[in-house]
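So the structure is just underneath, and the comments pick up after that.
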């Protein structure tokens with residue numbers, strides 16, 4: 112069977128970093144196989160999955176026996192190993208540095224914004240109170256007058272950020288509601304990746320719609 | 195114009211950049227930034243880094259924040275030895291994996307302990323009481339210690355396993371970033387290496403690979419923190435109050 116050569120990814124599409132990985136794979140047509148995980152069912156705590164990833168987190172990538180965690184490491188690995196357009200993770204040092212700068216900053220700035228979805232009530236207040244400041248910085252430090260966060264072209268940084276900022280939709284909140292500049296950026300990201308965006312977000316949109324229907 | 199690095203050796207990410215640059219004989223202008231004095235909020239520094247954090251790099255017109263981005267940039271520009279950030283795809287991925295994970299694990303937990311507790315041999319001085327004038331609730335301290343212990347366990351069991359260094363046989367940026375973070379609670383008087391022979395052995399290897407002199411030089415400020423705290427002007431540190439409240443209390 113050829114599947115031995117396909118890169119495998121363990122993803123729960125309700126998770127922001129999983130969506131970013133999914134979009135890159137779909138968009139760049141890297142042959143892959145998705146192993147769907149449902150965190151809400153505790154599938155990350157099974158013995159088998161724990162053997163694969165003792166940290167019990169997603170996404171996880173397995174490439175011919177090589178196991179890798181952490182979405183930014185996975186995105187950079189895929190963008191380097193496979194023949195994808197260079198803009199995803201540029202080779203020119205200064206342009207690459209901009210992406211590395213964003214992916215580092217993302218962890219403690221944009222990533223916590225996902226909690227604006229209300230999934231962890233203890234974290235909601237802090238996330239909401241930090242939201243404006245984080246969005247301000249995204250606009251003034253990264254986006255500025257550029258089409259994308261790190262320059263003229265979309266990069267893996269935009270995928271990480273965009274997927275994080277869609278997360279609150281699951282809790283009925285559009286955090287970019289009052290931010291036309293970021294909304295335009297989000298549209299550009301959606302255009303750049305085409306149907307891969309909606310494909311990755313299907314589960315999240317369904318969650319949002321079910322929530323609306325209940326209200 | 196020479197390469198400029200804006201650093202405060204009180205800060206872990208500044209130490210890793212400092213050690214990396216010095217070890218690789220990269221010549222730079224050391225621009226000392228005193229975070230405790232609030233120098234990162236000055237107008238001049240704002241022109242270099244809108245993020246207003248250290249470390250920051252200025253290379254001609256090019257300004258860069260985030261220690262990891264800075265070290266990757268320097269590694270590429272100055273063609274440092276391969277082991278720091280291996281060209282081999284899988285080894286590089288291992289390094290990236292650690293560098294990514296540590297932001298919200300060891301980095302956060304080590305910092306918390308430092309802020310919650312700076313202890314002199316005879317008395318318990320707490321950084322927070324110094325700044326805030328309040329004691330740290332014991333449950334917060336215990337929770338912070340638990341988090342740190344979990345992180346250290348993961349470093350040993352997942353990132354090191356039976357390898358001499360995180361990415362394999364040689365030191366890399368992952369080990370450098372790890373060691374400076376783990377030294378932070380040590381600066382607060384908490385010997386995290388005690389009772390952890392595997393971690394201690396790794397620390398010894400890392401110190402040797404970096405060179406004891408450079409390692410000690412980079413850490414003298416933080417290891418003297420317990421003493422410095424005694425003489426610190428708590429009024430100067432009042433602007434840290436909101437940050438501490440948010441992060442730790």
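Residue numbers (the numbering used here), protein chains in the order written: chain A, 112 to 326; chain B, 195 to 443. We put the beta carbon where it would ideally sit given N, CA and C, even for glycine. In this text, all values refer to a predicted model and were calculated from it rather than measured experimentally.
Selection A:162, A:149, A:170 and A:190 evaluated against residue 141 of chain A yields A:190 as nearest (Cα-Cα). When secondary structure is reduced to three states using DSSP, residue 172 of chain A falls in the strand class. For residue 352 of chain B, the closest Cβ of chain A is nearer than 8 Å. The three-state secondary structure of residue 180 of chain A, taken from DSSP, is strand. Inter-residue distance for residue 138 of chain A and residue 401 of chain B is about 44 Å (C-alpha atoms, whole angstroms). At least one CB of chain A lies nearer than 8 Å to the CB of residue 294 of chain B. Residue 216 of chain A has a beta carbon lying within less than 8 Å of a beta carbon in chain B.
If one requires a minimum length of 4 residues, the alpha helix (DSSP H) runs lying completely within the segment 187–221 of chain A are 204–219, in chain order. Across the structure, residue 356 of chain B and residue 269 of chain A are spaced so that their CA atoms are roughly 37 Å apart.
Taking CB atoms only, residue 251 of chain A has a neighbour in chain B less than 8 Å away. Apart from sequence neighbours up to five positions away, the residues of its chain that approach residue 163 of chain A with a beta-carbon distance below 7 Å are 171 and 178, ordered along the chain. Across the segment 166–184 of chain A, CB contacts with chain B closer than 8 Å involve 166, 177, 179, 180, 181, 182, 183 and 184, in sequence order along the chain. Counting along the chain, residue 256 of chain B sits inside the beta strand (DSSP E) bounded by residues 256–259.
Interface flag for residue 191 of chain A against chain B is set, since a Cβ pair is found closer than 8 Å. Against chain B, the CB of residue 140 of chain A has no partner CB under 8 Å away; the residue lies outside that interface. Using a CB distance below 7 Å, the part of the segment 197–226 of chain A facing chain B consists of 204, 205, 208, 211, 212, 215, 216, 218 and 219, ordered along the chain.
Assigned with DSSP and collapsed to three states, residue 419 of chain B falls in helix. The segment 272–289 of chain B makes no contact with the segment 225–232 of chain A: fewer than 3 CB pairs, one atom from each, lie closer than 8 Å. Nearest neighbour of residue 283 of chain B by Cα position, chosen from A:186, A:307, A:246 and A:196, turns out to be A:186.
C-alpha of residue 299 of chain B to C-alpha of residue 240 of chain B: approximately 28 Å in a straight line. For residue 312 of chain A, the uninterrupted alpha helix (DSSP H) run begins and ends at 306–325, by DSSP. Beyond the five residues adjoining it in sequence on each side, residue 223 of chain A comes within less than 7 Å, by CB distance, of 238 and 241 in the same chain, given in chain order.
Residue pairing by DSSP places residue 225 of chain B opposite B:200 in a beta bridge. If you draw a straight line from the Cα of residue 394 of chain B to the Cα of residue 336 of chain B, it comes to about 23 Å.
Closer than 8 Å to the CB of residue 262 of chain B there is at least one CB belonging to chain A. Counting only runs of 4+ residues, the alpha helix (DSSP H) found wholly inside the segment 334–400 of chain B occupies 367–381, in chain order. Secondary structure at residue 289 of chain A: coil, using DSSP grouped into helix, strand and coil. The way I'd put it, the segment 259–275 of chain B does touch the segment 199–212 of chain A; three or more beta-carbon pairs between them come closer than 8 Å. Contact between residue 257 of chain B and residue 245 of chain B is ruled out by a C-beta separation of about 10 Å, above the 8 Å threshold.
Of all residues in the segment 268–279 of chain B, those with a C-beta nearer than 7 Å to a C-beta of chain A are 270 and 271, reading in chain order. Of the residues A:260, A:282 and A:297, the one whose Cα lies closest to the Cα of residue 318 of chain A is A:282. Taking a C-beta distance under 8 Å as the contact criterion, residue 272 of chain A and residue 221 of chain A qualify as a contact pair. Around the C-beta of residue 296 of chain B, 16 or more other C-beta atoms lie within 10 Å, and the residue is accordingly described as buried. Distance between residue 305 of chain B and residue 306 of chain A, taken at the CA atoms: about 42 Å.
The Cβ-Cβ distance between residue 169 of chain A and residue 126 of chain A falls below 8 Å.
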